[in-house]
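Numbering (our numbering), first residue to last: 665 to 1068.
Cβ atoms here follow ideal geometry from the backbone N, Cα and C, with glycine treated the same way.
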């Protein structure tokens, strides 16, 4: 009996009429290849985070006096070991940003269109969606709800570049959004935190966020690593050259970010070990809005980009590699910043900080799975592959060629 056949195959090199089972096998092969292309550190990231959480919980439950030991030295109300860890895990990733590409890439109008859409998704849709999910799933847990809202307000500026690279997206355009969100986050995070927590989410049982505390936290935990990352990039570049920077320095220096993340999680969960073991229900409930948020935001951005690609004249600028950037930028969050703000405002042993700390446990496996979904949709959907040259002015066309 003849196998059922698909009418058309898009983008994977197969011919029309090839058996469905063969097509499925080819797509599974693509996903397997994508996993094999991950570096060993990327493959071990999720289990390493899980192991760090377990180690932290064990330390917090069975090692007496651990909190007092970490609190011997404090930095603006946050224990110095945690403050250092939060800054260190942001520093290497912000060193990877191609700041030098910003002026040229801003000269094309279709990039401005992408930026406008991304800002709408990140600063309007995302925060309100997380606010709604937090209230819908955690109506009786105001402290955990506040931590989740803080995560929703922190737009991703770091690990999104990892997901875009794994999904074969446009890394240079991703750099534009990383830079833009980095600058906007310093300005907008504080007033948005006050708006969403103190005004919209007015809850007498929850602690209040003051503008000054949040602003100081943002400047310290985002501003310092941003300046350090930019300085490190151009100092190494000037001393050893760009090739050394990209090929030798950054791959090794990037490991410091992973170590900083794992160290911070161990310390955080050492503080929260007792609280976690005696509040398993709220902890697992906190994961629900996070999972829903990541999936919904990613799907909205990807679907919107694909619809524009296939339905409107300017849609050729919404190619797969750009759709991936929009999706992962919208569907991920800067949990490092959310953790830092939660610690600084509410305290390291607060439920708000615990809720924010759940972020990396949920985000990493969910977004890693979505990279495989993206690679599958790259072949399963029909994409208009190139930007129509007629859409550019002469000056814009020259700029694009230089960037390429």
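- Under the three-state reduction of DSSP output, residue 819 falls in the strand class.
- With respect to residue 817, residue 855 sits apart: the two C-beta atoms are not nearer than 8 Å.
- Put simply, of 838, 976 and 967 the residue whose alpha carbon is nearest the alpha carbon of residue 760 is 838.
- Per DSSP, the beta bridge partners of residue 997 are 819.
- In the displayed model, residue 832 falls within coil according to three-state DSSP, outside both helix and strand.
- Taking residue 921 as the centre and dropping the five residues before and after it, the same chain places the C-beta of 753, 756 and 757 closer than 6 Å to its C-beta, in chain order.
- At least 8 Å separates the beta-carbon of residue 931 from that of residue 729.
- For residue 807 and residue 1015, the gap between their C-alpha atoms comes out near 6 Å.
- In the DSSP assignment, residue 731 forms no beta bridge with any residue.
- Using a Cβ-Cβ distance cut-off of 8 Å, the segment 882–890 and the segment 1002–1010 are in contact, since at least three pairs of beta carbons, one from each stretch, lie closer than that value.
- According to DSSP, residue 738 shares a beta bridge with 743.
- With respect to the C-alpha of residue 960, the residue from 976, 832, 794 and 1023 having the closest C-alpha is 794.
- Residue 820 sits buried, since 16 or more C-beta atoms from the chains shown fall within 10 Å of its C-beta.
- For the pair of segments examined, the segment 1036–1049 was found not to touch the segment 940–960: the number of CB pairs separated by less than 8 Å stays below three.
- Shown here, residue 771 sits in coil according to DSSP, grouped into three states, outside any helix or strand.
- Its chain contains 982, 987 and 990 as the residues whose beta carbon lies nearer than 6 Å to that of residue 969, once the 5 sequence neighbours on both sides are disregarded; these appear in chain order.
- The residue among 976, 723 and 716 with its C-alpha nearest the C-alpha of residue 938 is 723.
- Residue 803 sits in coil when the DSSP states are folded into three classes, being neither helix nor strand.
- The straight-line gap separating the alpha-carbon atoms of residue 896 and residue 1023 is approximately 28 Å.
- For residue 973, the uninterrupted alpha helix (DSSP H) run begins and ends at 944–975, by DSSP.
- In this structure, DSSP gives residue 933 a helical state, which the three-state scheme calls helix.
- A residue is called buried once 16 or more other Cβ atoms fall within 10 Å of its Cβ, and residue 782 is buried on that count.
- Taking every protein chain shown into account, the CB of residue 788 has fewer than 16 other CB atoms within 10 angstroms, so this residue is exposed.
- In this structure, residue 865 places its C-beta atom within 8 Å of the C-beta atom of residue 813.
- DSSP places residue 907 within a helical segment (H, G or I) once states are collapsed to three.
- The C-alpha of residue 985 lies about 44 Å from the C-alpha of residue 734.
- In this structure residue 893 is buried. Its beta-carbon is surrounded by 16 or more other beta-carbon atoms within 10 angstroms.
- Taking a cut-off of 8 Å for Cβ pairs, the segment 909–918 and the segment 765–777 do not touch, as fewer than three such pairs fall below it.
- In this structure residue 835 is not in contact with residue 823, their Cβ atoms being roughly 13 Å apart against a cut-off of 8 Å.
- In terms of Cβ geometry, residue 712 and residue 1025 do not form a close pair [threshold 8 Å].
- Between residue 1036 and residue 928, the alpha-carbon positions lie close to 28 Å from each other.
- In its chain, beyond the 5 residues on either side, 737 have a beta carbon closer than 6 Å to the beta carbon of residue 744.
- Residue 803 and residue 863 have their C-alpha atoms some 16 Å from each other.
- Assignment of alpha helix (DSSP H) within the segment 839–894, counting only whole runs of 4 or more residues, yields 875–882 in chain order.
- About 5 Å separates the CB atoms of residue 952 and residue 801; that is less than 8 Å, so the two are in contact.
- Scanning its chain for C-beta atoms nearer than 7 Å, with the 5 sequence neighbours on each side dropped, one finds around residue 749 the residues 924, 927, 928 and 931, in chain order.
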